[in-house]
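Asker: Shown below is the structure under consideration.
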Amino acid sequence: MDEYTVEIKRTDVDGKTRMQTFKVPKDKVSTVLETLLYIKGYLDQTLTFRYSCGMEICGSCGMEINGKPHMACSFVLDNFKGDKILIEPLKHFKILRDLAVDIDPFFDKYKAVKPYVIRNDDGNYQKELLQTPKQFDEYIDYSMCIKCGLCMAACPIEGSDENYLGPAPLTAAWRFIADNRDQGKKMRLEIVSGAEGASRCHFAGECTEVCPKGVNPSFAIQKLRSSMIGLEFQKLFGGK
Amino acid sequence: MDTIKEDVIILGGGMAGLRAAVAAAEYDSKITIGLVSKLYPLRSHSVAAEGGTSAVLNAKDSFDLHAYDTIKGSDYLGDQDAIEEFVRLVPEQIYTTDHWGCPWSRNEDGTIAQRDFGALSFPRAVFAADKTGFHVMQTLYSRALMYPNIHFYNEYFATKLVVENNLFNAITTINIKTGDFVVFQGKSIVFAAGGAGRLYQFSTNAHFVTGDGDGIAYRAGIPLKDMEFMQFHPTGLVPSGILITEAARAEGGILLNNEKKRFMSTYAPNKLEKASRDVVSRAIMWEIEAGRGIKGEYGDMEYVYLDLTGISNLLDERLPMITEIAKKFNGIDAHTEPIPIHPAAHYTMGGIDSNVKTTTLYPNVFAVGENACVSIHGANRLGSNSTNECLALGNVAGKVAAEWAKSHDFASVSISSVNDEEKRIWEDLLKRNGGENVAKIRDDLRINLDKNVGVFRTEDLLQQGLKNIKSYQERYNRITIEDKSSKFNMELQWALELGFMLDLAEIINVGAIMRKESRGAHYRRDFPDRDDKNFMKHTIASYSVNGPQISYKPVVKTKWEPTVRSY
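So, in structure tokens, the structure goes:
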């Protein structure tokens, strides 16, 4: 077969859905993103999806490909044995049009964990804050999150509770707590200790499995949980 | 039509725009800032910057040395006063972003590490592995979330700068999600909308780097400067064009031809693979022309090899992303196999005619980052000299825009100009019905620029390129936008972008025809030498209904006399 058969779940602006199938010549495309761009350019100009960098670093093009959350840009068709591709919007997000979903609630959750370094001496930038390679290693893997939302689509808790903070925001909370330059640990632990925080996680591990950047949200949430216990002890027994 | 009022409007949510937004927000918490971008900020192309950002942090380095490297790199087209001021602004920005959480790579003692880069005389590139842009962007975006006076307007596509009496009063946009026509009224505006690298087909740039910021400013009467200088990065991954950082060569990676021989000694005997980008890109193209390229697995494009096997021990720590990219996109293990590369359009040295204070022709319009032409980079930007510009001058732009907003009132919106724009989009563009396909014209345009306005230029190629661009402009009048939906109409956005791209392509092409010399990234086979007597000057392109009007402006020289440039 010299063509891919691409089946796409379309949702129009009034919310009506349908499946639509396209035939795409294999020699014109090498990734799912290129396939979508080819379809939009030459077969159906109304097809709507998000994309930007094409190199899996901007987080735009998350979608369900053959039933699993993937980045369209790094889904390389040569590595994929088959001629049929099924493309649907990311689960657990409201659909705006076709494959474009509403990511605002996701970014709101991200913001809610205070994902920035908090310091008492903010504003004094004359020199770097020392950070040994060992201290650096404590958080660097968790800083690789591209905010694509794949983990949110894979997380079973997200599917049943839209208010759950979710894997990526909780990972961001841990990323800053684990950074020796940050002094906002207590504030952030209070946030993730809430009813919609880290305690909701069942450790299904789906988030870690789908993360395109090798971040391990599941482990970050475990780290948060142990720190939360530490905080509870402090509250009960005082001390530092 | 909705109108939204913000004291300072920032167009673009990439590194320059975010830095400007934070600077403005810090300047005065009572000033409101509207960050207007066609993307969510973290989707901006700045996240793709890889290898590093130059800053003088070491006592053995000096501002003069950083300035000299930049000036030599610019092939003496950079303004030396601006460069001298710029290099002094950078170190503070490195420390500032460190305090804000940027994971700069470290030395054993906990201080910020630096690495070598192309055409540097001291290893001054600060880096966050090979994800420098990504990490700085995460840092700035997160920092921006701390300020309640920064308001994000994500996925608003800007179409026109509204100007009256030489003052900006509003910018028109389409809210992409709703399709609504939204007018942002502001006291001052910062253009930080990036470059135009997607005018070319083989490009390292994100798909949306279409030069809208340049196009909008140009049509509003603000001149563009030095647009014929498009940087081709030597190492675009074949066939995707994904950037393989210059740090790969700075760390010891080598270039090989089809005989598996290193060839850079022929072209840059001292710096070899670490010569400036224009020099290395030409060397690769000459090798390919001489029949020493490799043709094979990746369609028609011939390429050479970037061999990292000699530094395989460094890849996982210092170059993890490009190692992962080679594996994911090409199935190549960079530890043991060479990577296919070809020069790719990468950076727009030209842009809005601006300066180190970020001011432009209109006193309440500022420009920064790749959208601006200061000129720091002249005819060829040094690797590691773009993200530092976004930080240092983004900070300047935010402050001056806030200063203006604090001491001025809103000017009333020029309603007739706004109405004209609404008509242009909905009555003209969307109702054209000539059957021409937007994507087809865009693809033709890109292929044309690759072929006729690329690494090597001649009078014949450039004249053919211009003739083709005129034909695409004519076809553009006959487009049909098939998508009639108001909500999330990306085809309409493509069409608007294409309009700007056609303007810019013409400007680049005309400027290249008139510059009858070779300097930096602009290489004319028919005029292979630099001609300081006639062309040590900036090209200025001003809008007219008949196409760009070209004039020139002197280069500012302080203490570095132009000499023969070799690496």
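Residue numbers (the working numbering), protein chains in the order written: chain A, 487 to 726; chain B, 3 to 569. A virtual CB, placed ideally from N, CA and C, is assigned to each residue, including glycine.
Here's a check: name, in chain order, each residue in its chain whose Cβ is nearer than 6 Å to the Cβ of Ala18(B), leaving out the five neighbours to either side.
Answerer: If you number the second sequence from 1, residue 18(B) lands on position 16. Counting only Cβ-Cβ distances below 6 Å, and skipping sequence neighbours, we find Ala194, Val370, Gly371, Cys392, Gly396.
Asker: Who are the near neighbours of Asn606(A) in its chain, counting only those whose CB is closer than 7 Å to its CB and skipping five residues on each side?
Answerer: Taking the first sequence and counting its residues from 1, the one referred to as residue 606(A) is at position 120. Excluding residues within five positions, the ones whose Cβ falls inside 7 Å are Gln669.
Asker: Secondary structure at Gly238(B), three-state DSSP: helix, strand or coil?
Answerer: In the second sequence, the residue the question calls residue 238(B) occupies position 236. DSSP places Gly238(B) in strand when its eight states are reduced to three.
Asker: Beta-carbon of Ile707(A) versus every beta-carbon of chain B: anything under 8 Å?
Answerer: In the first sequence, residue 707(A) corresponds to position 221, counting from 1. False, the Cβ-Cβ gap to chain B never drops below 8 Å.
Asker: Beta strand (DSSP E) containing Phe154(B): first to last residue?
Answerer: Here the question's residue 154(B) lines up with position 152 in the second sequence. Element bounds for Phe154(B): 152-156.
Asker: When the Cα atoms are used, what is the spatial distance from Thr360(B) to Ile378(B)?
Answerer: For this step, residue 360(B) is matched to residue 358 along the second sequence. For this step, residue 378(B) is matched to residue 376 along the second sequence. Roughly 12 Å separates the two Cα atoms.
Asker: I want to see whether chain A comes within less than 8 Å of Trp102(B), judged by CB atoms only; does it?
Answerer: In the second sequence, residue 102(B) corresponds to position 100, counting from 1. Trp102(B) counts as touching chain A.
Asker: For Leu494(B), count neighbouring C-beta atoms within 10 Å of its own C-beta (all shown protein chains included) and say buried if the count is 16 or more, exposed if not.
Answerer: Residue numbering aside, residue 494(B) sits at position 492 when the second sequence is read from its first letter. Per the 10 Å Cβ criterion, buried.
Asker: Buried or exposed: where does Asp318(B) fall if 16 or more other Cβ atoms within 10 Å of its Cβ makes it buried?
Answerer: Against the second sequence, residue 318(B) aligns to sequence position 316. Exposed, because fewer than 16 other Cβ atoms sit within 10 Å of the Cβ of Asp318(B).
Asker: According to DSSP, which residues form a beta bridge with Tyr349(B)?
Answerer: Position 347 of the second sequence, counted from the start, is the residue given in the question as residue 349(B). Gln233(B).
Asker: Using a Cβ cut-off of 7 Å, which residues of the stretch 478-508 of chain B contact any Cβ in chain A, in chain order?
Answerer: Cβ contacts with chain A: Glu484, Asp485, Ser487, Lys489, Phe490, Met492, Glu493.
Asker: Around the C-beta of Asp505(B), are 16 or more other C-beta atoms found within 10 angstroms, so that it is buried, or is it exposed?
Answerer: Residue numbering aside, residue 505(B) sits at position 503 when the second sequence is read from its first letter. Buried, since its Cβ has 16 or more Cβ neighbours within 10 Å.
Asker: What is the DSSP secondary structure of Phe529(B), counted as helix, strand or coil?
Answerer: If you number the second sequence from 1, residue 529(B) lands on position 527. Residue state, collapsed to three classes: strand.
Asker: So which residues of chain B does Phe662(A) contact, with C-beta pairs closer than 9 Å?
Answerer: Translated into the one-based positions of the first sequence, residue 662(A) becomes position 176. Within 9 Å Cβ-Cβ: Gly103, Ser144.
Asker: With distances taken Cα to Cα, identify the nearest neighbour of Met714(A) among Ile677(A), Thr694(A), Leu616(A), Pro698(A).
Answerer: Along the first sequence, read from residue 1 onward, the residue named residue 714(A) stands at position 228. Of the listed residues, the one whose Cα sits closest to Met714(A) is Ile677(A).
Asker: Is the shortest distance between the beta-carbon of Ser602(A) and the beta-carbons of chain B less than 8 Å?
Answerer: For the purposes of this step, residue 602(A) is identified with residue 116 of the first sequence, where counting begins at 1. Sequence inspection shows Tyr at residue 602(A); the Ser mentioned does not correspond to that position. Yes, because at least one Cβ of chain B sits closer than 8 Å to the Cβ of Tyr602(A).
Asker: Does Lys726(A) have its Cβ less than 8 Å from a Cβ in chain B?
Answerer: If you number the first sequence from 1, residue 726(A) lands on position 240. At Lys726(A) the pLDDT is 48, less than 50, meaning the model places this residue with poor confidence; the figure from the coordinates comes in the next sentence. So, not an interface residue.
Asker: Please go through the stretch 547-630 of chain A and give each complete alpha helix (DSSP H) segment of 4 or more residues, from N-terminal end onward.
Answerer: Runs of the alpha helix (DSSP H) inside the stretch 547-630 of chain A: 590-598, 619-625.
Asker: Could you name the residues of the same chain whose beta carbon sits closer than 7 Å to that of Pro125(B), not counting the 5 residues immediately before and after it, in chain order?
Answerer: Here residue 125(B) is taken as the residue at index 123 of the second sequence, counted from 1. Gln116, Arg117, Asp118.
Asker: Measure the beta-carbon distance from Ala640(A) to Glu692(A) and round it to whole angstroms, keeping in mind my assumption that it falls under 8 Å.
Answerer: Here residue 640(A) refers to the residue found at position 154 of the first sequence. Here residue 692(A) refers to the residue found at position 206 of the first sequence. With a Cβ gap of about 4 Å, Ala640(A) and Glu692(A) count as contacting.
Asker: Are the C-beta atoms of Ser629(A) and some chain B residue less than 8 Å apart?
Answerer: Along the first sequence, read from residue 1 onward, the residue named residue 629(A) stands at position 143. Yes, its Cβ sits closer than 8 Å to a Cβ of chain B.
Asker: Return the chain-ordered list of same chain residues with a C-beta closer than 8 Å to the C-beta of Gly255(B), the five sequence neighbours on each side being excluded.
Answerer: Walking along the second sequence from the start, residue 255(B) turns up at place 253. So the qualifying residues of the chain are Glu275, Leu308, Asp309, Leu310, Gly312, Ile313.
Asker: Should the stretch 641-651 of chain A be called in touch with the stretch 70-85 of chain B, which here means at least 3 C-beta pairs below 8 Å?
Answerer: Judged by Cβ distances under 8 Å, the stretch 641-651 of chain A makes no contact with the stretch 70-85 of chain B, as fewer than three pairs qualify.
Asker: When DSSP labels each residue in this structure, what does Lys726(A) get in the three-state scheme?
Answerer: Taking the first sequence and counting its residues from 1, the one referred to as residue 726(A) is at position 240. Residue placement at Lys726(A) cannot be trusted, given a pLDDT of 48 that sits under 50; what the coordinates show is reported in the next sentence. Lys726(A): coil per DSSP, three-state reduction.
Asker: Whole angstroms are fine: how far does the CA of Ala659(A) sit from the CA of Ser712(A)?
Answerer: For this step, residue 712(A) is matched to residue 226 along the first sequence. For this step, residue 659(A) is matched to residue 173 along the first sequence. Straight-line Cα distance between these residues: approximately 14 Å.
Asker: Any beta carbon from chain B within less than 8 Å of Lys613(A)'s own beta carbon?
Answerer: On the first sequence, residue 613(A) is found 127 positions in, with the first residue counted as 1. So yes, Lys613(A) belongs to the interface.
Asker: Let me know the alpha helix (DSSP H) ranges lying completely inside the stretch 434-476 of chain B, each 4 residues or longer, listed in chain order.
Answerer: List check, alpha helix (DSSP H) in window: 440-454.
Asker: For the beta strand (DSSP E) containing Asp100(B), list its first residue and its last residue.
Answerer: Your numbering for residue 100(B) matches position 98 in the second sequence. No beta strand (DSSP E) holds Asp100(B); the alpha helix (DSSP H) holding it covers 82-101.
Asker: Taking Cβ-Cβ distances below 9 Å as the criterion, which residues of the stretch 576-587 of chain A are in contact with chain B?
Answerer: For the stretch 576-587 of chain A, which is checked against every Cβ of chain B, the residues closer than 9 Å are Leu582, Arg583, Asp584, Ala586.
Asker: With distances taken Cα to Cα, identify the nearest neighbour of Phe210(B) among Ala374(B), His47(B), Met516(B).
Answerer: By 1-based counting over the second sequence, the position of residue 210(B) is 208. Taking only the C-alpha atoms, the option nearest Phe210(B) is His47(B).
Asker: Just the C-alpha distance for Val367(B) and Val415(B), rounded to the nearest angstrom, thanks.
Answerer: Taking the second sequence and counting its residues from 1, the one referred to as residue 367(B) is at position 365. Taking the second sequence and counting its residues from 1, the one referred to as residue 415(B) is at position 413. Roughly 15 Å separates the two Cα atoms.
Asker: Mind checking if Glu304(B) is an interface residue toward chain A, Cβ cutoff 8 Å exclusive?
Answerer: Here residue 304(B) refers to the residue found at position 302 when the second sequence is read from its first residue. It does not; no Cβ of chain A falls within 8 Å.
Asker: How about Cys544(A) and Val49(B): do their beta carbons lie closer than 8 Å?
Answerer: As a working note, residue 544(A) is residue 58 in the first sequence. As a working note, residue 49(B) is residue 47 in the second sequence. Contact flag set, yes.
Asker: Quick one: does Phe622(A) have its CB under 8 Å from some CB of chain B?
Answerer: As a position in the first sequence, residue 622(A) is number 136, starting the count at 1. With 8 Å as the cut-off, Phe622(A) counts as an interface residue toward chain B.
Asker: Taking C-alpha atoms, which residue in Gly540(A), Asp564(A), Lys502(A), Ser546(A) lies nearest to Glu489(A)?
Answerer: Mapped onto the first sequence, residue 489(A) falls at position 3. Nearest C-alpha to Glu489(A): Asp564(A).
Asker: So, at 7 Å on beta carbons, what are the nonlocal neighbours of Asp71(B) in its own chain, with the 5 sequence-adjacent residues on each side left out?
Answerer: Position 69 of the second sequence, counting from 1, holds the residue named residue 71(B). Result list for Asp71(B): Ala121, Leu122, Ser123, Leu384, in chain order.
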